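Numbers 71 to 579, taken from our numbering, label the letters of the sequence shown in order. Yeah, the Cβ is synthetic: ideal placement off N, Cα and C, and Gly gets one too. Owing to the predicted nature of the structure, the values given are computational and were not obtained by experimental measurement. First comes the structure, then the notes that go with it.
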Amino acid sequence: MLECPSSAAKLSPMSAAIAASTVFSWRSYRRPSHLFHLRSARHGPVLPSRYSAEEISRTCQQHMQRVFARCIQVAGRCGGWLFAIMRENPSAEEDALRASELRKALVDLGPSFVKVGQLLGAPAPFLESLAGKAGELGAEWDRRRSTGYSEILEGRLQRSDEGGFVVAKDVLAGQPLLFEASVACAPVGPTACGSLARQCRASPGVLEKVMKLPTGRFTGETRELEAGLACNARECSREPGFVALFLACSQIPHSCCPNAIIDSAQTHAVLRALDDMVVGTTVNVSYVTVSLNHQARQSQLGQGFSCKCSRCVSEESNDPQFTVACSSCKKGSLSLSREDPQHCKACGAEFVAAEALRHVKEAAKANAFMAKAESARGDAVQKAMALETRLRTATTSANPAPPRHPQILQLMNNVANCYFYAAQTPGSNQAACWAGFWTYKQRFMEGLEANHGPTKQRDLHYILSLRRMLSAKFSDREEREKHQQKFEQLCLIHFGEHDIPQSLRDLRR
C-alpha cells in the first residue's frame with residue numbers, strides 16, 4: 071500500500087490487479103511450477119510514467135490481447151488452488167503448505183499484481199478519501215505522512231485527557247486499533263538522530279508536534295529536538311536496523327506489562343491489542359524489551375522515568391531472574407543481586423552469592439564460544455554432553471545460579487541445539503538425541519516465557535525459537551499441532567498474520 075504509486079479510483083479489484091500487472095514488464099516473470107504452463111509475452115507495454123487509474127486503463131485498452139492473456143494466466147495460476155481449498159478441510163500442517171503455495175503463486179504473478187492487492191486492502195477511509203482524485207497515491211501518501219497521518223480503526227479508541235488512548239468499544243486480542251504513518255525514519259546508528267531531525271525540520275507542522283513530545287532522560291544532554299527524537303523514536307519491529315517516529319504512538323503510556331503492541335515498519339505502524347479489553351481501558355505499550363530483568367528495564371527507560379506498573383513493584387525487591395531456591399531444602403528465596411550474606415529462612419543454610427555469580431560467568435563463556443563460527447566444528451554429541459555438564463554444575467551446586475538467569479537459559483538452549491544437530495547426524499542414537507533436545511528445549515522455552523512476566527507480549531527471540539521448534543521431530547501429531555497453534559496465535563496477535571514476516575525469519579536473536 072505504501073509503495074504502489076497508483077489510485078484505486080474507477081477500477082474494480084480484479085480489473086485493477088489485472089491491469090497493473092499487465093503493464094508491468096514481463097521480463098522478470100517466472101513460469102509457474104505447476105497447474106497451467108502458459109507461454110507469456112516477453113515484452114509487455116512500458117509502465118506509464120503517470121501510474122494512475124486513467125493511464126493504466128488507457129494503456130490496457132491499447133493492448134487488449136495481452137490483457138486477455140494475462141486474465142487467463144491469473145486464472146490458470148490461482149484458479150485450481152482456490153477451487154481446491156473451497157472443497158477441502160485441510161489440517162493445520164496442510165493449511166501451512168497451502169499458504170506456502172499461495173505465496174509462490176503471488177511471486178509468480180509478479181510484484182505489480184501483489185502491490186495492487188495491497189493497495190485494495192488499505193484502510194477503507196483512506197481509499198475513500200482518495201476516490202475521484204487524479205493524483206497519484208504515492209504523492210498523496212507523502213503529503214499525509216508529512217502531516218503526521220493517523221487513523222483510529224472502526225472507532226475502537228478515543229483520545230484520553232492525558233493525550234493517550236482509551237478503549238471506546240470492547241476489543242479482542244489481536245484486533246488492530248490504530249493505523250499511523252511515520253513522520254521520519256532512518257537506519258540505526260550514530261547518525262540516526264540527525265537524519266530524523268532533518269526530516270522533521272522539512273515540515274513545519276511535524277516539527278511543531280515533535281517539539282511537544284517528552285524528552286525524558288535526554289533533557290540537557292542534546293538539543294531539544296534531538297532529545298525528543300532520542301526519547302520517542304523506536305526501532306521498527308518488522309525491520310530491525312531501522313528506527314521511525316510515530317507521533318500518536320509516542321503519546322501512549324508505558325507499562326512493563328502492556329495490553330497492546332506497536333507493529334511497525336519504516337513507513338507505518340499498526341497498534342494491536344494484546345488482551346481482550348473492555349470500554350474505558352487505558353491502552354499502554356512497552357517501550358523496552360519485556361523479557362529483560364527489572365534493573366535492565368529501568369536502565370533502558372532512563373533517568374527521569376521510573377515505571378511503577380504492578381510488575382515492576384513486585385520485582386523491585388525480588389527479581390525472579392536473579393532468584394534461586396535453597397539447594398538444601400529447595401525452599402526459600404535467595405537473590406544473586408544482594409551482596410550481603412544470606413541464609414535460607416527455612417533451614418538456615420548459607421548462600422554465597424559470589425559462587426553463584428561465578429557459575430553465571432562460566433555459562434556466559436560457554437555461550438560466547440557457541441556463538442562463534444568455530445563452534446560448528448567437532449562432534450555435536452560431545453559438545454552437547456560437555457555443555458550439559460556445565461549446566462548441571464551451575465544449577466545443582468551448593469550455591470546454584472538462578473535457573474531463569476538469561477545466561478543459564480541460553481546455555482540450556484545451546485545444549486538443546488547440539489542435540490538437535492546430533493539427531494541429524496547419520497549413525498547417531500536419534501532417539502536419545504531427540505529426547506535430550508526436547509528435555510532442554512522445553513526448559514529453555516518455559517524459562518524464557520516466564521521472564522516475559524504476566525503479559526501476552528513475546529519478544530522476537532521467543533517467537534523465532536518457537537517457529538524453529540516446528541522443524542523438530544515431535545513425539546506425536548497432537549503435540550506438534552499444539553505448538554503450531556500456539557505459534558500461529560502469537561503471530562496473529564503480534565503481526566496480524568499466521569507466520570512471522572519474511573524480513574524477520576532469518577534473524578539470529
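- Look at the beta carbons and you see the segment 436-456 not touching the segment 400-409: under three pairs across the two are nearer than 8 Å.
- Of the candidates 415, 436, 394, the residue whose Cα lies closest to the Cα of residue 426 is 394.
- CA-CA distance, residue 312 to residue 562, rounds to 23 Å.
- Looking at the DSSP output, residue 338 shares a beta bridge with 251.
- In the structure shown, residue 347 adopts extended strand secondary structure according to DSSP, grouped into three states.
- Less than 7 Å separates the beta-carbon of residue 397 from that of residue 470.
- For residue 533, the enclosing alpha helix (DSSP H) has its first and last residue at 530-539.
- Per DSSP, reduced to three states, the secondary structure at residue 394 is strand.
- DSSP places residue 314 inside the beta strand (DSSP E), whose first and last residues are 312-315.
- Under DSSP, residue 572 forms no beta bridge with any residue.
- Shortest Cα-Cα distance from residue 517 to any of 412, 390, 330 involves 390.
- Counting C-beta pairs closer than 8 Å gives fewer than three between the segment 495-508 and the segment 470-480, which falls short of the contact rule.
- Membership of residue 427 in the alpha helix (DSSP H) is indicated by the continuous run 423-440.
- Counted as a single uninterrupted DSSP element, the alpha helix (DSSP H) harbouring residue 550 occupies residues 547-565.
- In the DSSP annotation of this structure, the continuous segment of the alpha helix (DSSP H) that includes residue 299 starts and ends at 294-302.
- Look at residue 322 here: in three-state DSSP terms it is coil, with no helix or strand label.
- Rounded to whole angstroms, the separation of the alpha carbons of residue 499 and residue 385 is 43 Å.
- Under DSSP, residue 352 forms a beta bridge with 236.
- Here the alpha carbons of residue 540 and residue 554 stand approximately 7 Å from one another.
- In the DSSP assignment, the residues bridged to residue 404 are 394.
- Of all C-beta pairs linking the segment 318-325 to the segment 351-359, three or more are shorter than 8 Å, placing the two stretches in contact.
- A buried status is given to residue 298, since no fewer than 16 other beta-carbon atoms sit within 10 Å of its beta-carbon.
- Here the alpha carbon of residue 223 sits roughly 5 Å from the alpha carbon of residue 247.
- Sorting 260, 377, 220, 255 by C-alpha distance to the C-alpha of residue 270 places 255 at the top.
- The alpha helix (DSSP H) runs of length 4 or more contained entirely in the segment 452-493 are, from start to end of the chain, 476-493.
- Burial check for residue 422: the Cβ neighbour count within 10 Å stays below 16, so the residue is exposed.
- Here residue 404 is buried: its Cβ has 16 or more other Cβ atoms, across all protein chains shown, within 10 Å.
- The alpha-carbon separation between residue 491 and residue 535 amounts to approximately 15 Å.
- Under the DSSP definition of a beta bridge, residue 333 partners with 340.
- Here residue 277 carries a helix assignment [DSSP, helix/strand/coil].
- Contact between residue 332 and residue 361 fails: their C-beta atoms lie close to 17 Å from each other, not under 8 Å.
- Counting other Cβ atoms within 10 Å of its Cβ, residue 480 reaches 16 or more and is therefore classed as buried.
- Of 266, 524, 241, 549, the smallest CA-CA separation from residue 252 is found for 266.
- Linking residue 280 to residue 379 through their CA atoms gives a straight-line distance of about 26 Å.
- Pairing residue 274 with residue 343, the inter-Cα distance amounts to about 32 Å.
- DSSP, read as helix, strand or coil, puts residue 241 in strand.
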